[in-house]
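Report on the structure given below.
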Amino acid sequence: MNRFSHHILAPFSSHRVISLRSLSFSTSFTATNSHSPPSLIRFSFRTFSIRSDEKLASSCFDLVVSSIWSCLQMGLFGLCLSGNGNWKRVDDVHLLTLCSINYDNGSCCWEFAMASHIVGYPRMGPKRELKFALESFWDGKSSAEDLQKVAADLRSSIWKQMTDAGIKFIPSNTFSCYDQVLDTTAMLGAVPPRYGWNGGEIGFDVYFSMARGNASVPAMEMTKWFDTNYHYIVPELGPEVNFSYASHKAVNEYKEAKALGVDTVPVLVGPVSYLLLSKPAKGVEKSFSLLSLIDKILPVYQEVLAELKAAGASWIQFDEPKLVMDLGANELQAFTHAYSALETSLSGLNVLVETYFADVPVEAYKTLTSLKSVTGFGFDLVRGTKTLELIKGGFPSGKYLFAGVVDGRNIWANNLASSLDTLKALEGIVGKDKLVVSTSCSLLHTAVDLVNEPKLDKEIKSWLAFAAQKVVEVNALAKALAGQQDEAFFSANAAAQASRKSSPRVTNEAVQKAAVALKGSDHRRATNVSARLDAQQKKLNLPILPTTTIGSFPQTMDLRRVRREYKAKKISEQNYVEAIKEEINKVVKIQEELDIDVLVHGEPERNDMVEYFGEQLSGFAFTANGWVQSYGSRCVKPPIIYGDVSRPKAMTVFWSSMAQSMTKRPMKGMLTGPVTILNWSFVRNDQPRFETCYQIALAIKDEVEDLEKAGITVIQIDEAALREGLPLRKSEHAFYLNWAVHSFRITNCGVEDTTQVLYSLSFLSLIFFLRYLLNLGLHGGIHTHMCYSNFNDIIHSIIDMDADVITIENSRSDEKLLSVFREGVKYGAGIGPGVYDIHSPRIPSEEEIADRIEKMLAVLESNILWVNPDCGLKTRKYAEVKPALSNMVAAAKHLRTKLGSSQ
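Below is the structure:
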């Protein structure tokens, strides 16, 4: 059977395009008589390009003409064909609209793109192709052209995948070699002066220097993207910034897709969200209004829009996720002002403003839906269920609703029947022709494709949908909404939903009883922190300004190979243990040679700080290629929590005991905290998150007590992701912090006073805690570490965690942490703000680190201050780690001497 596809093009004069898009043709036809016009035709419109010499088979020419004749008679559009079947433009043609047609032995079957949309898609590739290309380029092993080729191939495959799936609104410019906010900074030419950029198109050298730093200057600050584990590069702005159009990436990628025959929706970070995601540059007053720059950046946006229109774009998507936050009247007014100022530039374009991650507050909803220049509005209807009520209460007539009913943040298969009910209800409000099925947010936050998981348990696999499967779900819902429901697909989905609900592997009655028994106790340690620190110092006998590291040491290719071979059963357990033992011994000796006070074993046995524990806990499943981008080339492979969680046996005691036997210095036991395990996993959505967190806390509690019994006197519990779980709306903060803090206290409430518990935190987490519970008072605690989160907002909840020592990422934050203590926050437990940035290959000097420590001593007592890097050293190389740690220890010793002399 000879089958081929072709495109029908209909040229439109610009004033007719708008009226046409308001129409809906909703039936299909099959015609075998090429001279009999059909009575009704279904069209779905999208803009495409086509070569002027594109031809239709002559045998089909009459069929094509007759097929569209009824629309021609209605005067909806003008079509011009030459006698030989070539398409020709007419003088007033402004846009081209396409529908697809298949020919099969003279039969004509029209195929149309349903009203479906994807907010964004993962960039790394199904096998982390971009990660390896980036790291090869950074190491000087490949060229810029090699990197660009890998990136172009990935973009092409993504666009093709969406086209093949039938997605109508396909995004472009969501791909990035590092971060979409950094891409916007480049587009605006907002390069900090320290990078030596002198104008012109921004290339990889300046771009990656901003992201990663270089030998002479540090990187820009990196922080969490809302409440996700993705990180963005924070723009540094001030009144002296001269904005200019310095990166044509958005236009270039639109043209790139168009050359492949795919008409896309270019995506830009919206101007207001961009400014609200920025910070005042160094030297700029902290009170500086970033929104005062709006009129300075809009001309660049106008240039971009003009080029996109000239290239043929018909839709543009602005991501304005800040609209889901608690905004003041002046911030909301900035949205009105910005889109009013852009109104002329947006003329002739369909404009989508996309929001995600939470409900849109009432006032923000009113502001957004009042924007005259906007054609459609995108809402997260998975995490933003209250937005549904706002829509039901009133939605602007004639506008498009992009309904985000497919979860872009988790990996569970969509409940198609439930989503379809939601969509049908919305259809009755906004109209059938104005409803577009979409994802709740970019699929950047999910794994790429279940096809790459052949070893995943079949039952659990049936419950899941990765990014590729979510694209299919979106289109399946769009088709069902249009009356073309795939019954087999929907039936299989319903069966999977029922299987998950009834599976015995999901429920563990003993775990549920233990979690219920937690009620009625706050799980505080019996002794206050001051008394505990005295007891611990008598046992540990540490010097003033004690030095330590956060946990992991560099993971070499050989080390990864050993783990890989052991997992594949290519080497014996005995050989594996010997290899890991040798690595631990090497790390211990390095630390002793550097004269570090409290040691770590380097975690050579661990692939990931969450996955390692999840693999040893019940209720978890794991993927082979379920990678998700965290920042730059850094990817994580989140475990899947599908059922009740428990600890069948000890997880870290063997390795920690081995490491302690190699040295007389204190050796830290290293654990990941329950909130981080929760927030860095794909979490079951069939029970409240706090219930799952309490289950994990009980498992970690068992491990803490077993480490203590084994003679480990310092135990670090990493809560790097505490901030990620914090709701975006302030009204919901207290509930989250109550159960998150309680979960941490559960883990260490049973240890002796002489066992020191460190709590390791991200900067952003600590910032938030510092501001949150101002009057709770100090209760002390156990060592812990926090990564990039908001310190000022959470310090008082940190205090309430009852930790003996906290270590915090700090160096990329311009020492914002210190300003909190200058403002009068009192902290009496041990504290270790990071003294250098481990996310950059740059090696800090002894003088630089000493300067940082002295700034800390200006606001913190010397008897509580610890000296440590920002975070674990896993992603760095020994050539960077050894000199950096050497300088850190030297700086600490220098200041000990200085403090001793002054005393």
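In terms of the numbering used here, the sequence shown opens at residue 15 and continues consecutively. For glycine and all other residues, C-beta sits at the position ideal for the given N, C-alpha and C.
Secondary-structure assignment with DSSP links ALA635 through a beta bridge to ILE654. Counting only unbroken stretches of 4 or more residues, the alpha helix (DSSP H) elements lying wholly within the segment 689 to 760 are 703 to 723, in sequence order.
In the DSSP annotation of this structure, the continuous segment of the alpha helix (DSSP H) that includes TYR590 starts and ends at 587 to 608. According to DSSP, TRP211 shares a beta bridge with no other residue. Here LYS293 carries a strand assignment [DSSP, helix/strand/coil].
For HIS245, the enclosing beta strand (DSSP E) starts and ends at 245 to 247.
Looking at the DSSP output, SER774 shares a beta bridge with ASP732 and THR821. Rounded to the nearest whole angstrom, the C-alpha separation of PHE349 and LEU382 is 8 angstroms. Secondary structure of ALA664 (DSSP, three-state): coil. Straight through space, the alpha carbons of LEU721 and MET665 are spaced by roughly 10 angstroms. For the options ILE425, PHE391 and ASP435, the alpha carbon positioned closest to that of LEU415 is the one of PHE391.
About 28 angstroms separates the beta carbons of THR690 and ALA906, which is beyond the 8 angstroms limit, so they are not a contact pair. C-alpha of GLN511 to C-alpha of VAL697: approximately 16 angstroms in a straight line. By the 16-neighbour rule on beta-carbons within 10 angstroms, PRO653 is buried.
Around the beta carbon of ALA324, fewer than 16 other beta carbons lie within 10 angstroms, which makes this residue exposed. Of all alpha-carbon atoms in GLU625, VAL543, GLN551 and ASN599, the one lying nearest the alpha-carbon of GLY842 is that of VAL543. For VAL365, the enclosing beta strand (DSSP E) begins and ends at 364 to 368. Residue environment for PRO883: buried (at least 16 other C-beta atoms within 10 angstroms of its C-beta).
Sequence-distant Cβ neighbours of ARG620 in its own chain, meaning closer than 6 angstroms and more than five residues away, are TYR626.
Between the alpha carbons of SER915 and PRO680 lies a distance of about 28 angstroms. Excluding residues up to 5 positions away in sequence, GLU722, THR727 and ILE729 lie with their Cβ nearer than 7 angstroms to the Cβ of THR769 in the same chain.
In terms of CA proximity to LYS493, LYS438 leads the group ALA461, LYS438 and GLN526. MET236: member of the beta strand (DSSP E) spanning 236 to 238, first to last residue.
Residues of the same chain with a CB within less than 8 angstroms of the CB of SER854, apart from the 5 flanking positions on each side, are ARG226, GLY227, PRO232 and ALA233 in chain order. Taken through DSSP and simplified to helix, strand or coil, PHE257 comes out as coil. Listed in chain order, the non-local C-beta contacts of THR198 below 6 angstroms within the same chain comprise VAL283 and TYR288, local neighbours out to five positions each way being set aside.
Contact between the segment 565 to 575 and the segment 868 to 878 is absent: fewer than 3 CB-CB pairs across the two stretches fall below 8 angstroms.
From the listed residues ILE852, GLU267 and LEU712, the smallest Cα separation to ALA524 is found for LEU712. Counting only residues of its own chain and dropping the five nearest sequence neighbours on each side, PRO285 has a CB closer than 7 angstroms to the CB of ILE308, ILE311, LEU312, TYR315 and ALA352. One thing to note: VAL365 has its Cβ no nearer than 9 angstroms to the Cβ of THR401. The beta carbons of ASN877 and ILE558 sit closer together than 9 angstroms. Straight across, the Cα-Cα distance linking GLN499 with GLU596 is about 59 angstroms. Shortest Cα-Cα distance from LEU274 to any of GLN175, ASN429, GLY442 and ALA260 involves GLN175. The beta-carbon distance between VAL451 and VAL419, rounded to whole angstroms, is 7 angstroms. This is short enough to meet the 8 angstroms contact definition. Sequence-distant partners of ARG648 (beyond 5 residues in either direction) whose C-beta falls short of 7 angstroms from its own C-beta, in its chain, are THR889.
Rounded to whole angstroms, LEU899 and SER566 show a C-alpha spacing of 13 angstroms.
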